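> One structure follows; several queries about it will come next.
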Amino acid sequence: MAKWNDGIDGDHLKIAAHSGSTMRVLAGPGTGKSFALQRKVMRLLEEGVNPERILAVTFTNVAADALKKDLAALGVPGAEAVRARTLHSLCFGILQKESVLELTHRTPRPLMDFERDFLLEDLKAEFGGKRKAEALLIAYESAYARQQQDTPGVIQSQTDLEFRDRLLAWLNFHKAMLIGELIPITYDYLKQNPAASEFKLYDFILVDEYQDLNKAEQSLIDLLAKKAELVVVGDDDQSIYGFKHAHPEGITGFHITHAPLEDVNLKVCRRCPKKVVGLANELMGYFLDEKNPKKLLEYPGNEDGEIFAAQWTTLDDETKGTAKLIKQLVSDAKYGVKAEDILVLSPRRKLGYYLRDELQSKFGISSHTFFQEEALETDRAQSAYSMLAYIVDQEDRVALRVLLGLPTPLPATYQKLVAKAQEMNTSPREVLLLLVSGQLAMSGMADLVARFSTIEASRTELAGKPPSAVLDSLFDSDNPEDIEVLLSIVATITIGEETELEDIFSRLRDRVRLPEVTEDEGFVRIMSLHKSKGLTAKAVFILGCVAGLIPTIKGEDELIANSQVTELNRLRAEAKRLFFVALTRTKKYLILSSFRELDFKQAKQLNARFIGTKGSPVAKTQTSPYFGEVAKHLPSVVTGPELLAKFGVQ
């Protein structure tokens, strides 16, 4: 069996051997942070530390599983008992164990993203529209700590207070909760209960991707680590979750609030080829400053790698040309690339869907898309999923809310229904049943009652059928349009003779909500730039490198018009960090592609920057401004056909 210090030296050895004080590890992409953390845990286990006293907080479930699998592969006894998990799963476990949700009369029925939209539809009129309501919701989930200097749990304004009250009223009435609530609820529980057993559970706490934690999440970690050795690992250049109020200052300023502190800076990029390291440094403004502490260093043993930049004439050309190029890479042995070695990153889902369909229909190359809850994007998919939830539990008020709100939410009418249900101290379903039977009369409810009658008839018809028949009816594979992604997930669920519909739904919900990405499944992976965090591939394609898509700055025009320079600069800096993350996923090939023109309507839908007016045959786009910022390390941009010729594609 390997020993913890076999084949490890330098800063990696310093991390693995560290003991006692708090440690901060600043780790650039591909610099071996996972290797060092693995060896630290390995050392602790070899020294006889109880594995259950070690907590490793990871950003994804895949990362947690990978840590334990890697340790087990090295033959380390106790590896399977190490507490490796995401912060949200950790919080849920604490709240369940201590019956916090039960004692506070909260129902642990999580809202899916599309269900959350219906919540916002019901609240938006009171809070200035959906965008403002969503901002208040995110602030609530962040325990109102919008800035790094804010104290979690402190309500910032009267609007925050009013929104919280209305939000909780909605959630409590619908017997549901937000996944994002787990953090503030757990933080509040621990803050108010200093004698809680959770403070004595861990002797060692290791936190990965610390730069992506907001102040509430960081404060929660601090509470749990009161009596434990704490190691945090992260990179402010990879801080890309500002939309949930996570700021790079969380890790850059860590030393101010956590002294005494031992610091380690991992800078040698073992993953990326030398050309990509140069490109990444230039993007971030480090390539000329040899002494810059954030500059990535090339690993001497790595190859130079290959970088390509191409502009296609149209979006359709980009889709078809990229598919041809991928076909060439996987079919020509000289490239040594398999389907699972290819990672495609797209700033918009549609671009990814177009490529997926082209790869599969034209070349038979298996490819999967990984976008959050993409299986439930369409009304039909949402309806089928919600009907299944309603059949499983006819008192699922959220599922009924969705079904009543398709295809249009009808928030005002629905609020009348809720008010009547509250007045009668009953459920929306019971009120609707009374309306249908004529035992109750309410004005303006005809549309809602008609929808309910259809819903209830479908539920009654399906409720008595075997699970397989219910699925066949809801997810009609003869007509896969609008539900093909959902169908593919349903197909992965094994259904036996004794399998209960409730169990099927539970597994479906988990697979839709958490489409975790692995690296060994034998297909091309297509996803957002955000989703690529933590992944690597031999060949990385970044689609849609046009202004307005890369970078995407939400509300940029409004910020410019209102002279909100500070916020605009913050968003621009984060967008650049996101592109930095995308660039540094590759181990050999990096292909950046753009397109020169597309349909005017399409340009508006994608929110691309373009030249053209309504009625014009096409909209003209510009390549991403980042291309100009990496001029020293980016090869000349060629046309799409010229790129194909470089790879020998006819």
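Counting in the working numbering, the sequence shown runs from 3 upward without gaps.
Using N, Cα and C, we set each Cβ at its ideal position, and we do this for glycine too.
These numbers come from a predicted model, not from an experiment.
To the nearest angstrom, how far is the alpha carbon of MET389 from that of SER23?
C-alpha separation (whole angstroms): 53 Å.
> Check the DSSP bridge columns for ASP265 and list the partner residues they point to.
Answer is ARG26, bridged to ASP265.
> Just the C-alpha distance for HIS90 and ILE181, rounded to the nearest angstrom, thanks.
Approximately 8 Å, taken between the alpha carbons.
> Entirely within the stretch 211 to 268 and at least 3 residues each: give me those beta strand (DSSP E) ranges in chain order.
Counting whole runs of 3 or more residues, the stretch 211 to 268 contains the beta strand (DSSP E) stretches 231 to 236 and 263 to 268.
> VAL78 bridges to which residues according to DSSP?
The partner list for VAL78 (beta bridge, DSSP) is empty, contrary to what the question assumes.
> Can you give me the C-alpha to C-alpha distance between ALA74 and GLY80, rounded to a whole angstrom?
Going from the Cα of ALA74 to the Cα of GLY80 covers about 8 Å.
> Mind checking which residues open and close the beta strand (DSSP E) that includes VAL59?
56 to 60 is the span of the beta strand (DSSP E), which, as asked, contains VAL59.
> Please identify the residue among ALA471, GLY50, PHE372 and LEU592 whose C-alpha is closest to the C-alpha of THR324.
Here the closest residue by C-alpha is LEU592.
> Check whether the stretch 61 to 76 touches the stretch 233 to 250, counting contact only when three or more Cβ pairs, one atom from each stretch, lie closer than 8 Å.
No, the stretch 61 to 76 is not in contact with the stretch 233 to 250.
> Taking the runs of the beta strand (DSSP E) that are 3 residues or longer, which of them lie wholly in the stretch 285 to 373?
The stretch 285 to 373 contains these whole beta strand (DSSP E) runs: 308 to 316, 344 to 347 and 369 to 372.
> Throw me the rounded Cβ distance for the PHE612 and THR623 pair, which I believe falls under 8 Å.
About 5 Å separates the two Cβ atoms, so the contact holds.
> By alpha-carbon positions, which one of ALA4, LYS5 and PHE37 ends up nearest to ASP13?
When each option's Cα is compared against that of ASP13, the closest is PHE37.
> How do the stretch 31 to 46 and the stretch 273 to 284 stand: do at least 3 beta-carbon pairs fall below 8 Å, yes or no?
Short answer: they touch.
> Which residues bound the alpha helix (DSSP H) around LYS193?
Where LYS193 is concerned, the enclosing alpha helix (DSSP H) stretches over 184 to 194.
> Nearest to LYS70 by alpha carbon, out of PHE61, ARG87 and ARG55?
Selected option, being the one with the closest Cα: ARG87.
> For a minimum of 4 consecutive residues, which ranges assigned as the alpha helix (DSSP H) are wholly contained in the stretch 87 to 156?
Segments of the alpha helix (DSSP H) lying fully in the stretch 87 to 156: 89 to 99, 102 to 105, 115 to 125 and 132 to 143.
> Indicate whether the contact test is met: 3 or more Cβ pairs, each with one atom in the stretch 496 to 515 and one in the stretch 313 to 328, closer than 8 Å.
Cβ pair count under 8 Å is below three, so no.
> With DSSP as the reference, label ALA584 as helix, strand or coil.
Looking at ALA584 - three-state DSSP - the assignment turns out to be helix.
> Could you tell me which residues DSSP pairs with SER596 in its beta bridges?
GLN313, per the DSSP bridge assignment.
> Can you give the Cα-Cα distance for ALA541 and ALA584, rounded to whole angstroms?
When rounded, the distance between both Cα atoms is 12 Å.
> Hey, quick one: how far does the beta strand (DSSP E) through MET444 stretch, first residue to last?
First-last for MET444: undefined, no H or E at that position.
> So which of ALA391, TYR355 and SER363 has the shortest CA-CA distance to GLU379?
Checking every option, the nearest Cα to that of GLU379 belongs to TYR355.
> Between which residues of its own chain and GLU48 is the CB-CB distance below 6 Å, once the five residues before and five after are set aside?
Within the same chain, GLU48 has close Cβ partners TRP6.
> Determine whether the beta carbon atoms of SER369 and PHE543 lie at a separation below 8 Å.
Cβ atoms of SER369 and PHE543: not closer than 8 Å.
> Helix, strand or coil for ILE506? Go by DSSP, reduced to three states.
Helix, per DSSP.
> In whole angstroms, give me the CA-to-CA distance for LEU113 and MET179.
Using only the alpha carbons, I get a separation of about 6 Å.
> Just to confirm my understanding: we take SER1, look at its own chain, exclude 5 residues before and 5 after, and list those with CB closer than 8 Å. What are they?
Residue 1 lies beyond the residue range present for the chain, which begins at 3 and ends at 652; the question has no answer from this structure.
> Got a sec? Which residues, its chain only, sit under 7 Å from LYS326 by beta carbon, not counting five neighbours each side?
Counting only Cβ-Cβ distances below 7 Å, and skipping sequence neighbours, we find LEU646 and VAL651.
> Among PHE116, THR161 and ARG351, which has the Cα closest to the Cα of GLY130?
GLY130 has its Cα closest to that of THR161, out of PHE116, THR161 and ARG351.
> What number of angstroms, rounded off, separates the C-alpha of GLU397 from the C-alpha of TYR288?
Computed Cα separation, rounded: 58 Å.
> Thinking PHE1 and PRO637 are a contact (beta carbons under 8 Å), I'd like their distance in whole angstroms, please.
Residue 1 is absent from the structure shown; the chain starts at 3 and stops at 652.
> Within 10 angstroms of its Cβ, does GLN417 collect 16 or more other Cβ (buried), or is it exposed?
By the 10 Å Cβ count, GLN417 comes out exposed.
> Starting from MET389 and walking both ways along the beta strand (DSSP E), at which residues does that stretch end?
No beta strand (DSSP E) contains MET389, which is instead part of the alpha helix (DSSP H) from 381 to 394.
> Using DSSP with H/G/I as helix, E/B as strand and the rest coil, what is VAL632?
Looking at VAL632 - three-state DSSP - the assignment turns out to be coil, as it is neither helix nor strand.
> Starting from ALA621 and walking both ways along the alpha helix (DSSP H), at which residues does that stretch end?
From DSSP, ALA621 is part of no alpha helix (DSSP H) but of the beta strand (DSSP E) over 621 to 623.
> For GLU425, which residues from the same chain have a beta carbon less than 8 Å from its beta carbon, with the 5 sequence-adjacent residues on both sides left out?
The answer is none, since no qualifying residue turns up.
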